[in-house]
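So the structure is just underneath, and the comments pick up after that.
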Ligand SMILES: Cc1cc2nc3c(=O)[nH]c(=O)nc-3n(C[C@H](O)[C@H](O)[C@H](O)COP(=O)(O)O)c2cc1C
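Residue numbers (this note's numbering): 522 to 880.
So, in structure tokens, the structure goes:
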């Protein structure tokens, strides 16, 4: 499956590492830096596409002198959509002008809505732009595979930062079960694992589970090219023990006045003062008022007692410093290969006859 990806996106190094679209954060500088470093950067369109054409034009400018072996006629980056709120006409106008190598669909109101989206993208770009869909369950994966027939499925586990299915499994069970289910139906679609992967060992584990690559969001929050407030970034580096310090909730959408997410989704972020107050019974109205006051404080609005939203995954404790995207990608790729090699070596040393096992 990796060979399919390497043939469609020839600039990718191995193992395949994706910079996930993060609304308002993975903008042109980060998406381009990701692809320049041998990964695959996905510019986040989010749900409000009014600036998408300009963002793609900026990416095209940044890529002008880049030494990247992209297929003819496409930008070597992707574009992510939150389909539940995206205007298809704005999307197509932007994609027609600057076709990216792939689009990434996520969270439509109904999964069936993705089929016309995929058709339009393929028609408007003459099939040059491939279609990726991020899903969060075996059921979603099979339905999308059979209807939309995407080029790639991104399997998002519950550890992921930002929005995802409120009820879902971690990649450790999601990825192998989807791989088996697809094989059972004789469907050949590469899968990418997302959720909780912030460093090389987790990337190696995901590859072992059957993923052809990994997509990371939280790790790139602490990256120099991210479009992110300093207070948010500081908080990502400070917080640890993400299984305890982050929570899934839709409170942060309520506070920020973001309506329209399909009911099955919520978002994972650091449990802050707003969350604790809500748990203690504070009304939404009062909580929103305090949130709006806090917004005036700038970078101080984050932190253990802050109220600003810090979307991040459970892997946040493994994010310890802010680095350029290129360094992060090189480090994770290297560490993943090292982890795989070390694991094999550890068992070989114990004289396990590998040849004995087959399936
Ligand atoms: C701050 C933030 C914003 C996100 N925004 C989007 C988005 O706009 N579209 C999308 O498809 N996924 C979005 N995601 C989810 C990512 O695509 C990905 O599934 C997730 O970051 C992977 O988990 P990780 O954060 O543990 O690496 C976002 C994640 C974060 C942390």
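Virtual Cβ for every residue (Gly too), placed ideally from N, Cα, C. For clarity, every value in this text was computed on a predicted model and none was experimentally measured.
Query, Result
"Same chain only: Cβ atoms within 8 Å of residue 629, ignoring 5 sequence neighbours per side", "604, 605, 635, 638, 783"
"Ordered list of alpha helix (DSSP H) runs contained in the stretch 631 to 661, each at least 4 residues", "635 to 645"
"Spatial neighbours of residue 527 in its chain, beta-carbon cut-off 7 Å, leaving aside the 5 residues before and after", "533"
"Where residue 855 falls, given that 16 or more other Cβ within 10 Å makes a residue buried", "exposed"
"Segments of 3+ residues assigned as beta strand (DSSP E) that fall wholly inside the stretch 548 to 591", "561 to 567"
"Near ligand 1: residue 543 beta-carbon under 6 Å from a heavy atom", "yes"
"Residues near residue 641 in its chain [Cβ-Cβ closer than 7 Å; skip 5 each side]", "609, 613"
"Distance, residue 846 Cα to residue 744 Cα", "6 Å"
"Identity of the residue in 739, 711, 627, 738 nearest residue 732 by Cα", "711"
"contact_flag[the stretch 679 to 687, the stretch 780 to 795] where n(CB pairs < 8 Å) is 3 or more", "yes"
"Inter-residue Cα distance where the pair is residue 595 and residue 736", "21 Å"
"Bounding residues of the alpha helix (DSSP H) (the contiguous stretch that carries residue 842)", "Unbroken run through residue 842: none, as it is neither H nor E."
"DSSP three-state assignment for residue 737, whether helix, strand or coil", "strand"
"Contact test: residue 681 Cβ vs ligand 1 heavy atom, cutoff 6 Å", "yes"
"Residue 773 CB to nearest heavy atom of ligand 1 below 6 Å", "no"
"Residues of its chain near residue 767, where Cβ-Cβ distance is below 8 Å and the 5 sequence neighbours each way are ignored", "682, 760, 789, 790, 791, 792, 833, 834, 835, 837"
"Segment contact flag, the stretch 660 to 679 with the stretch 697 to 709, C-beta cutoff 8 Å, min 3 pairs", "yes"
"Delimiting residues of the beta strand (DSSP E) encompassing residue 745", "Careful: residue 745 lies outside any beta strand (DSSP E) and carries neither H nor E."
"Residues bridged to residue 715 (per DSSP)", "677, 736"
"Segment contact flag, the stretch 574 to 583 with the stretch 617 to 624, C-beta cutoff 8 Å, min 3 pairs", "yes"
"Whether residue 556 touches residue 598 by CB criterion (7 Å)", "yes"
"Heavy atom of ligand 1 within 6 Å of residue 655 beta-carbon", "yes"
"Residue 529 - containing beta strand (DSSP E), residue span", "Run containing residue 529: none in the beta strand (DSSP E); it sits in the alpha helix (DSSP H), 523 to 529."
"8 Å contact criterion, which residue 562 and residue 554 should meet: CB distance rounded", "7 Å"
"Rounded separation between residue 584 and residue 530 - CA only", "15 Å"
"Residue 716 CB to nearest heavy atom of ligand 1 below 6 Å", "yes"
"Residue closest to residue 862, alpha-carbon to alpha-carbon, out of 633, 726, 589", "726"
"Integer-rounded CB distance, given that residue 853 should sit under 8 Å from residue 720", "6 Å"
"Residues near residue 565 in its chain [Cβ-Cβ closer than 6 Å; skip 5 each side]", "542, 543, 544, 547, 601"
"Whether residue 842 touches residue 751 by CB criterion (7 Å)", "no"
"Alpha-carbon to alpha-carbon, residue 666 and residue 741", "28 Å"
"Minimum length 3: unbroken beta strand (DSSP E) runs contained in the stretch 752 to 829", "767 to 770, 786 to 791"
"Residue 639 CB to nearest heavy atom of ligand 1 below 6 Å", "no"
"Beta-bridge pairing of residue 623 - partner residues as DSSP gives them", "599, 651"
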